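Residue 1467 is where the sequence shown starts when you use this note's numbering, and the numbers rise one by one after that.
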Amino acid sequence: MKILVWYFSGTGNTEKVAKSIQEGLQGQEVDLIKINDVDPAKIGEYDLVVLGSGIYGGMVSKNILTMMKKITDFPPKVAFFNTHSSPMSYSGKAFKRIIKKFETGGAKVVGNFECIGENLGIPKEKQEEMLSNLPPAEQEKAKKRMEEIEGRPNAEDLEKAKEFGTNLI
Ligand SMILES: Cc1cc2nc3c(=O)[nH]c(=O)nc-3n(C[C@H](O)[C@H](O)[C@H](O)COP(=O)(O)O)c2cc1C
């Protein structure tokens, strides 16, 4: 199978996951390419596109939305992945319009993967300052959450991403 792992990653978390997915796809012909480095006219040449993004303001990167407008031929199969820092799931929601576009173009959705990615967009000092402005009860909760997500995606997350890749084939 000719497979494209196609992703946007602002601070590197989604890129780590993309690389692990590629590892899981071992034995296939895989291109691992950043979102803006692909010619959108070539998307239809792949048997499977695995499209991923970090979540920013509840949405996938605008770079992906811009690219979507330029695709003319869709692949027969597509799968999605994302990394985010909040406890909620973004799999269906953030990709809703994109999924619809792929499906209208004839693609079948064959998989979805998501995991936590530490928010590296806010400097540690700023995070501490934000934390100190919260009421004590909320401060405790937020601190616990920060500890939970520190260093993610971790080795376990990346192993799961690799498995996700393998299960796609
Ligand atoms: C500007 C910005 C906005 C973000 N908005 C959200 C959000 O709405 N929900 C969420 O769960 N995480 C949010 N995050 C956290 C990122 O989704 C998370 O850290 C992700 O792993 C980033 O992926 P990347 O390193 O590939 O860019 C945001 C991060 C940044 C920098």
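Just so you know, even glycine gets a beta-carbon here, dropped at the ideal spot from N, CA and C. As the structure is a computational prediction, the values presented were derived from the model and not from experiment.
query	result
Could you tell me the boundaries of the alpha helix (DSSP H) in which residue 1597 lies?	1590 to 1598
According to the Cβ coordinates, are residue 1521 and residue 1501 closer than 7 Å?	no
Taking just the CA atoms, how far does residue 1513 sit from residue 1603?	51 Å
By DSSP, does residue 1614 sit in helix, in strand, or in coil?	helix
Would the C-beta of residue 1486 count as close to ligand 1, meaning under 6 Å from any of its heavy atoms?	no
Can you give the Cα-Cα distance for residue 1503 and residue 1527, rounded to whole angstroms?	15 Å
Quick check: is any heavy atom of ligand 1 less than 6 Å from the C-beta of residue 1479?	yes
From residue 1467 to residue 1588, what distance separates their C-alpha atoms?	39 Å
Start and end of the alpha helix (DSSP H) containing residue 1569?	1562 to 1570
Run through the segment 1502 to 1570 for me and flag every whole beta strand (DSSP E) of 3 or more residues, listed as ranges in chain order.	1514 to 1520 and 1543 to 1550
Determine which residues share a DSSP beta bridge with residue 1495 and list them.	1468
Considering only the beta carbon of each residue, do residue 1540 and residue 1577 sit closer than 7 Å?	no
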